[in-house]
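Chains as they are written, first to last, in the working numbering: chain A, 129 to 758; chain B, 51 to 476.
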């Protein structure tokens, strides 16, 4: 026995190792075994139809269309009459050879797209002839169709899922379509439905030998859901028309619900550009345009200094904090001296020299001094400026500024609302109400996006609360239930403080900066603004034409629409932003533009192009355009 | 002196026969699963693999009866003749063998091909037993050791020349026999050290391994010098010098051989196994598919004929060398473990019986049988479950093929015959 112990123990050892290894393979690793990764299972997908998209009035915005691709599987191709085939597809022989070579290089045994998206009439003709050509066949696909040329930024588009995601995801396979941008991306889960799966057994030669487990693991396709948006496509179209030749963003919201009525970015593009044969060329054009940025949603992303409309914020906070009341007056001497040094002076265009200015006039005439005083009082109310400004920021943020608003679109920017701690860190505690005085008039560090500003306006229109703006109204005709969008959020300002501010905003369109853009029969409340902006040109900071800004809501009582508009380098708020605003409000509330005055305005705005202004930007050797900094 | 009973079945070890029957029977079930096609249904037919195998299995019965019919002592008496015939058959392959996959390993007789190397193992085992059981034989003499090596390595050498390195490797199994009969353990220790150094050299490169090895030798020398003083150096300097030289030559030689003498496909196999290379589609495809197939069986397996990877023919050579993966997929952890346990029982039983032989010849032969089976199972199953590099040798009793089945049947039943005979005088 002694001498045989070596072999005995080796047999035992090997037996233990082998059974251990089997345990590892079959029990530990076997648990995570999924038939989908099984080479012997072939999965065939059944693609459901993607959901349609409608606007708030039931107008079809996004539909599907069939598209026919000519496919080729190179290893099945037999010698063919190239000349005839090329004439069928309307291509040259060189193109034919090039395409064929490309497909063959990719994988001779796999089908690749030979010619994308045939015209419908070509398809019918080709279908009859194609059977002669072995290895070529036609594959049907569904692609998007946009009956109305508008709101490309809201709708987004669909494209092939990128490889990294396809690898990570347990749903998407390479080559499948996925929503990109806009609601196509945001509501991908609803729109796409769920693809059906059929599992087949196959052998090592890729031959299907029967269904897998008698179809027990198969699933049926579930169609995508139709979505109704809050968008009013007529308003959207009209706004896009008015923004022709300009750069900027418009966001219109229904204050009583937070529904986004229009979300405009200019310049924009025809959504059909990203469908069909020209798709790849067009996307290069759109996404590589770094100057006018048509694919950049300014309404959501562009953080501008809000300018004068921000004065209402300081008025409201002043009232809430009790540092001013509706009757408080300040003097203005063509500006406000906020420090001892000579240049510590903020100019003012209100034109009321040395006479007491009330809150109402302050807003109506956009007096810088009035709000500088107010802001200083707010900051200096507490012992330390840090506390004062933190308190101020708390009020501002309750309007949804300074952070992502939480709307249901994938793009966004938080903007910036400085707090006391922000300055403590940046300026090492050496600051006070005076040195941050720009915040009083919406310049300085403050940055907001058009949609944030529109929401701020809606909160004023509602006298103290708002619904988070949203774009989705109904899923399959059922109103959305998400409490994020159906429960009102209250601001930290009491209801009674809104009235004097609204009165003043009303005054803006009656006698103030917006008086030239009145609409008969509609009580518009608003506030114009002009935001300074600078570009760094050759390392030097240069002032550019101001951004034209306006926020407004209407009617004054029981408001139906609140909006914010930014026109880049559009000069004074009253010259471009105000007429566009009043046209939009008229269009939305009345359904059409009737009066002569408005029609004149309309033509003027549509034909107004700021292109020459923008060309100046390019003409200068601009290294970097910063739309903020002061 | 007792007379042998007329009934040749009386003293047979039925446990071995039972295990043999189970293994062969279960083997066929899995070959059926691996080679089943949709259309062919005839079981006894030369047109399908499983049909052929069933015929091969049927033919083992006359073979077994024939083996048992002979008196046990003839196997000892004529072992040299068997051995010489074996060598001749291997030699005849060179002019008459049929070349398959680049190796001349087969005689072709129409429908039937025979692979002599599968039979030679058994006869070599007889020859080794014959040599070592000689009363005059003393293992301490180098001359005798060399004799044993010649007997073992002549067939192995002829097989390498075919070339079929896989089938030649299993002749190393005879080292267990030699060790049992008193060959110094150093051979096995050296063998293990060589294998470990070989793997390390591939993994870490020659310079690192050589450096480390020389460092260890130096430390060891220094330790002994410290302990034993100057005397140690004076008497052992040539050994130390020799150790340095051998180590250096071996590592450098290994590196050189690996990079210049090994073929690319052999290097690939090692590198895939050692994880230096992942190539689940190319070189590593077999191992990867085989592991995947086994994993997918989980605890109880997918059931007979229900293994989709087996049925889809995803594992190459599944009915021959990779037959164990069918067991893994269709019979799961339970089935495959039971097969391992059965093999262990078979080997334990053979060793146990061999040790009860009073006759040296029977004992040594039995030991040879156990060692050969052990080596086959280790190399084959180790390969299929991804623990050892790809070496194409069959799994005893399971793999498809008449030669291998008959070879192992002869190997085992000669032992059963000898065992039945052990209580009688020679």
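Each residue gets a CB set at the ideal place from its N, CA and C atoms; glycine is no exception.
Going along the chain, which residues of its own chain have a beta-carbon closer than 7 Å to the beta-carbon of residue 410 of chain A, five neighbours each way excluded? 401, 402
Classify residue 368 of chain B: buried if its beta carbon has 16 or more other beta carbons within 10 angstroms, exposed otherwise. buried
Look at the alpha carbon of residue 111 of chain B and the alpha carbon of residue 262 of chain B, and state the distance between them as a whole number of angstroms. 57 Å
So, under 8 Å CB-CB, residue 362 of chain B and residue 381 of chain B are touching, yes? Tell me the CB distance rounded to an integer number of Å. That belief does not hold up - the Cβ atoms of residue 362 of chain B and residue 381 of chain B are roughly 18 Å apart, past 8 Å.
Kindly indicate if chain B contains any beta-carbon less than 9 Å away from that of residue 142 of chain A. yes
If we call anything under 9 Å between Cβ atoms a contact, is residue 580 of chain A one with residue 543 of chain A? yes
Give the secondary structure of residue 298 of chain A by DSSP, where H, G and I count as helix, E and B as strand, and everything else as coil. coil
Does residue 433 of chain B have its Cβ less than 9 Å from a Cβ in chain A? no
Under 7 Å from the C-beta of residue 229 of chain B: neighbouring residues of chain A: 134
What in chain B is Cβ-close to residue 155 of chain A, meaning under 8 Å? 348, 349, 383
Return the residue from the list A:358, A:357, A:420 that minimises the CA-CA distance to residue 742 of chain A. A:420
Could one say the Cβ of residue 391 of chain B lies closer than 9 Å to chain A's Cβ atoms, at least one of them? yes
Tell me whether residue 536 of chain A sits in a helix, a strand or coil according to DSSP, three-state version. coil
Run through DSSP, which three-state label would residue 346 of chain B get? coil
According to DSSP, is residue 653 of chain A helix, strand or coil? strand
Delimiting residues of the alpha helix (DSSP H) encompassing residue 375 of chain B: 373-406
Chain-ordered chain B contacts of residue 295 of chain A [CB-CB under 7 Å]: By Cβ distance, chain B contributes nothing, its closest Cβ being about 16 Å from residue 295 of chain A, past 7 Å.
When you measure from the CB of residue 367 of chain A to every non-hydrogen atom of the ligand HEM, does any distance come out below 8 Å? Absence of the ligand HEM is noted for the structure shown, with no ligands found whatsoever.
Hey, how far is the Cα of residue 155 of chain A from the Cα of residue 438 of chain B? 21 Å
In chain order, which continuous runs of the alpha helix (DSSP H) of length 4 or greater are located wholly inside the stretch 465-492 of chain A? 487-492
Status (buried if at least 16 other CB within 10 Å, exposed otherwise) for residue 180 of chain B: buried
Cα-Cα separation, residue 341 of chain B to residue 148 of chain A: 14 Å
Residue 353 of chain B: contacting residues in chain A (beta-carbon distance under 9 Å): Chain A residues near residue 353 of chain B: none, gap ~12 Å exceeds 9 Å.
Quick one: which chain A residues come within Cβ less than 7 Å of residue 437 of chain B? 149
Give a yes or no on whether the C-beta atoms belonging to residue 400 of chain B and residue 384 of chain B are separated by under 9 Å. no
Nearest neighbour of residue 212 of chain B, chosen from B:289, B:359, B:143 [CA to CA]: B:143
If you follow the beta strand (DSSP E) that residue 393 of chain A is part of, which residue opens it and which one closes it? 387-394
C-beta atoms of residue 416 of chain B and residue 469 of chain B nearer than 9 Å: yes
Under 8 Å by beta carbon: chain B residues contacting residue 329 of chain A: 358, 361, 362
Assuming contact is defined by CB atoms lying nearer than 9 Å, are residue 255 of chain A and residue 195 of chain A in contact in what I supplied? no
Answer yes or no: does any C-beta atom of chain A fall closer than 9 Å to that of residue 420 of chain B? yes
Could you check if residue 408 of chain A is buried or exposed, using at least 16 other CB atoms within 10 Å of its CB as the buried criterion? exposed
Is the number of C-beta pairs between the stretch 670-690 of chain A and the stretch 452-461 of chain A that are closer than 8 Å three or more? no
Is it right to say residue 330 of chain A is buried, meaning 16 or more other beta carbons lie within 10 angstroms of its own, or is it exposed? buried
Between the beta-carbon of residue 435 of chain A and the beta-carbon of residue 695 of chain A, is there less than 9 Å? no
Within 9 Å of any Cβ in chain B, is that where the Cβ of residue 265 of chain A sits? no
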